[in-house]
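Asker:
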Amino acid sequence: MKCAQTFNDDFLQLSLPFDDIEYILLDPSCSGSGIRNRNDDPTIIDEERLERLCALQIRMITHALTNFPKVKRVTYSTCSIHRQENEDVVENILEQFGDQYELVDFLPTWPCRGLTERTHACLRASPEQTLTNGFFVACFQRIIKQI
């Protein structure tokens, strides 16, 4: 029995029936601002590019939450240190889907958390605080309604 299958395709254009998918790991295009061995200066922010990336990230998470009827969890990650791509994207998704999905604190002992009260379950990392590259992880879990 296969437990995973990989595709090299545009996630937003997938046309195969995926009615039985329960878990999605979504690592979309991001600014890469957390990768310290790049030549980019992470303090220089291209706001227009960041806005486009955030819009794409929101579209991808929305696609994952709405087009996979049996999805239980969607894990979202970036290698970004920017709040816009991290907490702001998560806040946007919670505004849209907060009655259907909640954040899961899947690693409660991790020392660095999301920057807002609503995103406290999210993980953050940085060279300064965790001696790693910068990254962010959020895990959305479907709310099971009790009858």
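Each residue of the sequence shown is one higher than the one before, counting from 170 in our numbering. For glycine and all other residues, C-beta sits at the position ideal for the given N, C-alpha and C. Since the structure is predicted, the reported quantities are computational estimates derived from the model, not experimental observations.
(1) What number of angstroms, rounded off, separates the C-alpha of residue 195 from the C-alpha of residue 246?
(2) Quick check on DSSP: helix, strand or coil for residue 304?
(3) Which whole-angstrom value is the C-beta distance of residue 308 and residue 263, which I expect to be below 8 Å?
(4) Measuring alpha carbon to alpha carbon, tell me which residue in 230, 190, 206 is nearest residue 198.
(5) Would you call the region 220-228 and the region 266-281 touching, i.e. three or more CB-CB distances under 8 Å?
(6) Do residue 254 and residue 283 have their C-beta atoms closer together than 7 Å?
(7) Tell me the rounded alpha-carbon separation between residue 202 and residue 178.
Answerer: In short, the structure shows the following:
(1) Mapped onto the sequence shown, residue 195 falls at position 26. Mapped onto the sequence shown, residue 246 falls at position 77. Going by the C-alpha atoms only, they are around 6 Å apart.
(2) Your numbering for residue 304 matches position 135 in the sequence shown. Residue 304 falls in the strand class under three-state DSSP.
(3) By one-based count along the sequence shown, residue 308 stands at place 139. By one-based count along the sequence shown, residue 263 stands at place 94. Not confirmed; about 12 Å, so no contact.
(4) Residue mapping note: residue 198 aligns to position 29 of the sequence shown, counting from 1. Per the Cα distances, 230.
(5) No, the region 220-228 is not in contact with the region 266-281.
(6) Working through the sequence shown from its first residue, we reach residue 254 at position 85. Working through the sequence shown from its first residue, we reach residue 283 at position 114. No, Cβ-Cβ distance for residue 254 and residue 283 is not below 7 Å.
(7) Along the sequence shown, one-based indexing puts residue 202 at 33. Along the sequence shown, one-based indexing puts residue 178 at 9. Answer to the nearest angstrom: the Cα atoms are 24 Å apart.
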